[in-house]
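>
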Amino acid sequence: MTNHWIDLKNSDVIFTIGCNPAENHPISFKWIEAALDSGAKLISVDPRYTRTSSKADIYAQIRPGTDIAFLGGMINFALQNNMIHEEYVREYTNATFIVSEQFDFQDGMFCAFDDQEKVYDLKSWAYATGADGKPKRDMGMKDPKCVYQLMKNHYKRYDLDTVCAITGTKKEDYLKVTKAFCGTGRADKSGTILYAMGITQSTHGSQNVRAVALLQMLLGNIGIAGGGVNALRGESNVQGSTDYGLLFHILPGYLKSPEFDNVDLKAYLEKWTPKTKDPKSANWWGNTPKYTVSLLKAWYGENATAENDFCYDYLPKRMGNYSYVKVMEKMGKGELEGLVCMGMNPAVGGPDSVAARNALGKLKWLVTADLWETETSIFWKRPGVDPKSIQTEVFMLPAASSIEKEGSISNSGRWAQWRYAAVHPLADSRSDLHIIDEFYKRVKALYAKQGGAFPEPITKLAWNYGAGHEPDVHLVAKEINGYFTRDMTIVDKDKTLEFKKGDQVPMFKYLQDDGSTVSGCWIYCGSYTKEGNQMARRDASDPTGLGLFPKWSWCWPVNRRIIYNRASVNPAGEPFNPKRPLIAWDLLEKKWKGDVPDGPWPPMKDDKEGKYPFIMLPEGHGRLYALDMKDGPFPEHYEPVESPARNLLSKVQSNPVVKVPKNVSSDTGKFPYVGTTYRVTEHWQAGAMTRSLPWLVELVPDMFVELSETLAKQKGITQGEKVKVTTERGSIEAVALVTSRLKPFNVQGKMVEQVGMPWHFGYAGLATGDSGNVLTPTVGCANTGIPEFKAFLCNIEKGGKAA
Amino acid sequence: MGISRRQFLQGGALAGAAIALSGKPGEASVDAPDLRTKGLKATTTICPFCSVGCGLIVHTKDGKVVNAEGDPQHPINQGSLCPKGGALFQIANNENRLQKVKYRAPGSDKWEDKSWDWAMDRIAQRMKETRDKSFKKTEINKKDNKEYVVNRTDGMAFFGGAGLDNEECYLWTKFARAMGVGQLEHQARL
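Which chain is which? The protein sequence lines are A and B, in order.
Count along the first sequence from 1, add 214, and you get the number used in the working numbering.
Count along the second sequence from 1, add 14, and you get the number used in the working numbering.
Given below as structure tokens:
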């Protein structure tokens, strides 16, 4: 989230698309309702009439996977009717930037596409640069090659009739949504967009997110109280686990994991440190060398020196894509020997579950650490297989629960909150920290004794977390924050700061690229300082009244509660919305008041030191037009890979850079219905954590499939009877739930029914049932690889498995 | 959301007891929090389910969790919880929780109990064998036909975990990369 949960109360219009907070983030509704009590409007756009829809002022139905058409129409409406926040767009976004002559878009395709490799040449989308090396701009936004005009041209195709024919939305509903939300383009209004997996789980998921961001930038809604682009993350610490780089392409703090051709530290830093010729651009990623070297020092300690490239050589270098579905594919081919799952359940959680379960059987060894038996840990004795035929050696480690250990987790609003151990780990269970520590120490001992392939990255790793039986979590947290490795004097403007070797680094602006600082994750620098553990703070004061709670826990970066907040003020530093000032420049004291500003510099207008607000981009301006997306600078509508409709906007049916696997089918004769997956309040994700709790099992005991009254009538299916749902991947059996929450879509004049289901079930635990993901396709987003769980084609039959 | 039937009945019973004990009916409230948690150790925590980050207070007695409820001082949830958060108590007190290290030998149809020491030694051996066997010092890039140093272990993958604490995630990524594991992935990719 750019903003945070309590900030929802500051919104004038709350637009939920691809999420269902009343169901999946129930307590967030406390703050949505606080906004509604103050006169705000709630919009719910969803394929189903959800618990959130039932509280909404405006509900609009949308066919799964057509979000770009929906949002693109809103972008068009805002541009055509001049509902944009013009000063914000002109000053803070790249609307004024001129794009190179090469750029072109024809009938669904951007220029420079390699049809063989299915990739675009991203260089052809660059900005046109002037003699000073800076991108050319037209502040009047009239130049036909400026982003504003290109965008206007691109989205004029997204007219009301076309959009509604694609999305299946009733025109009157669509207009209600559009008018209400675009009304927040005024400086004194705020609108927030909340989204979750309905947006990301798509072959064009990243572009769905971008469409959200485009709309918010046009309306001046990013960086302000009550605004933002707010991803409602699904797991208690999925924000933190992402921050710490548990993904193939990143290291902690969103540093890139090295690629094969980053042959040494210099080459790595050259590749990943963006540059700018514009002195008004903060270009924060220009600090990449400081954060990288501080990370290497955290990992290799005294062994990491300037002479040996701070042990950069020890890091693995990637060549290709190792995203989740690629790893599973490789596993399915028998190309992996081992897998360790720390609280993850690929037998239920990923797409095409039958293939995933078969893949696990190709492993030589599998380790799981969990609170319970999961479908993954017992895959070898799952229904319908003979354990004797499976040669995988399986270790199932009992893990301690969250109240049996100490440490921090980061919520969706980036608040890192400290938890304490209320009791000892149950029976023989251990914390994951303890388990990982044991993995490391034992592997290291083996390498120290026996040698082996390149032992140094293991034997020289700095691993100093106390002399106790278990690692001291406070020492880990302190290393993450970072400390000085020698005495330092730092001159910061008019202040001279003295630090001693071993002192905690107060904030990331003091991190260095010469080895004098350690920091395991630069964005968390400031979380554990000489003042103590900031994440454990419990001061509930709220000086601004905006609900920032600056002394409750700690949030990254630098305890800034709303990021990009320099965009909440005009170039002179005066709040756009005087009713809800988030930050303001105090002319007398020459400093910012309010939230922690996005950098200390004076307002943008200041000729000498002023900076643009979008500090993480080298050009300092929000990107209406992107330079680094694999599937185009503007979000363009394509159909999901399995779709009942032909693309009405171009001849390109689905995302052209996505390679389509064999086991997908758009044969509407065989699979006439749109299938989608979702979650319920009473269960959680792959289900291990909730299907073992009797209270929750009592509330939702069975796997079910939801269908409309019209489809039930047509198929002769009655409430509570067993049905079978089939896709190109497989079949499941479930209890039929016939509701008026689901309605068919009007797809180009033909009514198409939808079938919805939760994906929480499996064969382990107290409550069991077939897994929704048996049905879902292994095809993912062009940029992230996140699978298209939300839109597939299926059939439904009466009579369960026997059908 | 209000209180559940079960909590209401519990609270009602306790309120009744409070009246009986104090003899001052005017002081008893419906759920008599003072009495219910009196003498218990209170520890704050954050809910392990969704990402809202609600605060809870866990009450313990003699090393056992006897109650868990929303933290009224927490600014996000102000004491309220959804059904999942409200069920945290049952994570601590649950007969289905794994109690021991379990091992399943290749081709076997049952779990065996093992000690941590035995299992961890064997896992470390497996990790080392796989790493030594599959470690790639260099790799040829098909596009330019050149050989590059990659120092990567391709024979194993590490998955998880959005359910881990930050400090655990940090050691997990540090260990994975030191092992040369490129195939490090978790729930954020799904």
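The beta-carbon is built from N, C-alpha and C at its ideal position, and this holds for glycine as well.
Could you give the residue range of the alpha helix (DSSP H) that holds Gly454 of chain A?
Counting along the chain, the alpha helix (DSSP H) containing Gly454 of chain A begins and ends at Val452 to Asp457.
> Ignoring anything shorter than 4 residues, give me the alpha helix (DSSP H) runs that lie fully in the segment 260-315 of chain A, in order along the chain.
265-268, 281-294 and 300-306
> Using a beta-carbon distance below 7 angstroms, is Leu28 of chain B in contact with chain A?
Low confidence applies here, because Leu28 of chain B scores a pLDDT of 39, under 50, leaving its location unreliable; read the following figure in that light. Taking Cβ atoms only, chain A never reaches closer than 7 angstroms to Leu28 of chain B, which makes this a no.
> Going by the C-beta, is His851 of chain A closer than 6 angstroms to any heavy atom of the ligand SAH?
With respect to the ligand SAH, the structure shown offers nothing to examine, as it has no ligands at all.
> Look at the alpha carbon of Asp335 of chain A and the alpha carbon of Val949 of chain A, and state the distance between them as a whole number of angstroms.
Rounded to the nearest whole angstrom, the C-alpha separation of Asp335 of chain A and Val949 of chain A is 49 angstroms.
> The beta strand (DSSP E) that contains Leu1007 of chain A, what's its start and end?
Phe1006 to Lys1012
> With a threshold of 8 angstroms, are at least 3 pairs of Cβ atoms found where one atom belongs to the segment 561-579 of chain A and the other to the segment 972-988 of chain A?
yes
> Below 7 angstroms between beta carbons: does that hold for Ala630 of chain A and Trp768 of chain A?
yes
> With H, G and I counted as helix, E and B as strand and the rest as coil, what does DSSP make of Lys547 of chain A?
coil
> In terms of residues, what are the limits of the alpha helix (DSSP H) holding Pro972 of chain A?
Here Pro972 of chain A belongs to no alpha helix (DSSP H); instead the beta strand (DSSP E) covers Gln968 to Pro972.
> Mind checking the segment 600-617 of chain A against chain B and listing, in chain order, the residues whose C-beta falls within less than 9 angstroms of any C-beta there?
When CB distances to chain B are screened at a threshold of 9 angstroms, the residues of the segment 600-617 of chain A falling below it are Asp600, Pro601, Lys602, Ser603, Ile604, Gln605, Thr606, Glu607, Val608, Phe609, Met610, Leu611, Pro612, Ala613, Ser615, Ser616 and Ile617, in chain order.
> Count the other C-beta atoms from every protein chain shown that fall within 10 angstroms of the C-beta of Met903 of chain A, then say buried if there are 16 or more, exposed otherwise.
buried
> Can you round the beta-carbon distance between Gln415 of chain A and Ile1000 of chain A to whole angstroms, since I take them to be within the 8 angstroms contact cut?
6 angstroms
> For Gly154 of chain B, would you say it is in contact with chain A, using Cβ-to-Cβ distances shorter than 7 angstroms as the test?
In the sequence under discussion, the amino acid at residue 154 of chain B is Ile, which differs from the Gly named in the question. Chain A, which has no Cβ nearer than 7 angstroms to the Cβ of Ile154 of chain B, makes this no.
> Got a sec? Which residues, its chain only, sit under 6 angstroms from Phe172 of chain B by beta carbon, not counting five neighbours each side?
Excluding residues within five positions, the ones whose Cβ falls inside 6 angstroms are Ala190, Val195 and Leu198.
> Just the Cα atoms here: how many angstroms apart are Asp260 of chain A and Ala283 of chain A?
14 angstroms
> By Cβ distance, which residues of its chain are closer than 7 angstroms to Asp207 of chain A, with the 5 residues on each side in sequence left out?
Any question about residue 207 of chain A goes unanswered here, given that chain A covers just 215 to 1017.
> Give a yes or no on whether 7 angstroms exceeds the smallest Cβ distance from Cys360 of chain A to chain B.
no
> Could you tell me which chain B residues have their CB closer than 8 angstroms to the CB of Asp213 of chain A, listed as they occur along the chain?
There is no way to answer for residue 213 of chain A, as the model of chain A reaches only from 215 to 1017.
> I'd like the list of long-range same chain contacts for Val72 of chain B, defined as Cβ closer than 8 angstroms, with 5 residues on each side in sequence excluded.
Ala56, Thr57, Thr58, Thr59, Val79, Asn81, Ala82, Leu102 and Ala106
> Would you mind telling me which residues of chain A sit closer than 7 angstroms to Gly77 of chain B, beta carbon to beta carbon, in chain order?
Val637 and His638
> If you measure beta-carbon to beta-carbon, which residues of the segment 216-243 of chain A are closer than 7 angstroms to chain B?
Trp219, Ile220, Asn238, His239, Pro240, Ile241 and Ser242
> With DSSP as the reference, label Ser603 of chain A as helix, strand or coil.
helix
> Does DSSP put Glu199 of chain B in a helix, in a strand, or in coil?
Strand at Glu199 of chain B.
> For Cys360 of chain A, write down the residues that DSSP places opposite it in a beta bridge.
A:Ile312
> Since Ser567 of chain A and Asn1009 of chain A should fall inside the 8 angstroms C-beta cutoff, what is the C-beta to C-beta distance between them, to a whole number of angstroms?
About 18 angstroms separates the two Cβ atoms, so there is no contact after all.
> Against chain A, does Gly93 of chain B count as a neighbour if the rule is that its beta carbon must be under 7 angstroms from one of theirs?
no
> Less than 7 angstroms between C-beta atoms, sequence neighbours within five positions excluded: which residues of the same chain meet that for Asp753 of chain A?
Around Asp753 of chain A: Lys765 and Trp766.
> Please look up how many angstroms separate the CB atoms of Pro817 of chain A and Gly787 of chain A, rounded, as I've assumed it's under 8 angstroms.
3 angstroms between Cβ atoms; contact.
> Would Arg86 of chain B pass as an interface residue toward chain A - the criterion being a Cβ-Cβ separation below 7 angstroms?
Looking at the sequence shown, residue 86 of chain B is not Arg but Pro. Chain A contact via Cβ: absent.
> Ignoring anything shorter than 3 residues or poking outside the segment 384-439 of chain A, list the beta strand (DSSP E) runs there in chain order.
405-409
> I need the straight-line Cα distance from Cys1018 of chain A to Leu611 of chain A, nearest angstrom please.
Because chain A is modelled from 215 through 1017, residue 1018 of chain A falls outside the range shown and cannot be assessed.
> Contact between the segment 852-864 of chain A and the segment 439-454 of chain A: three or more CB pairs below 8 angstroms?
no
> Is DSSP giving Ala630 of chain A helix, strand or coil here?
strand
> Could you tell me whether the Cβ of Trp132 of chain B comes closer than 7 angstroms to any Cβ of chain A?
No, Trp132 of chain B does not count as interfacial toward chain A.
> Please return the same chain residues whose Cβ sits closer than 7 angstroms to the Cβ of Ser267 of chain A, not counting the five positions on each side in sequence.
Ser258, Asp260 and Tyr273
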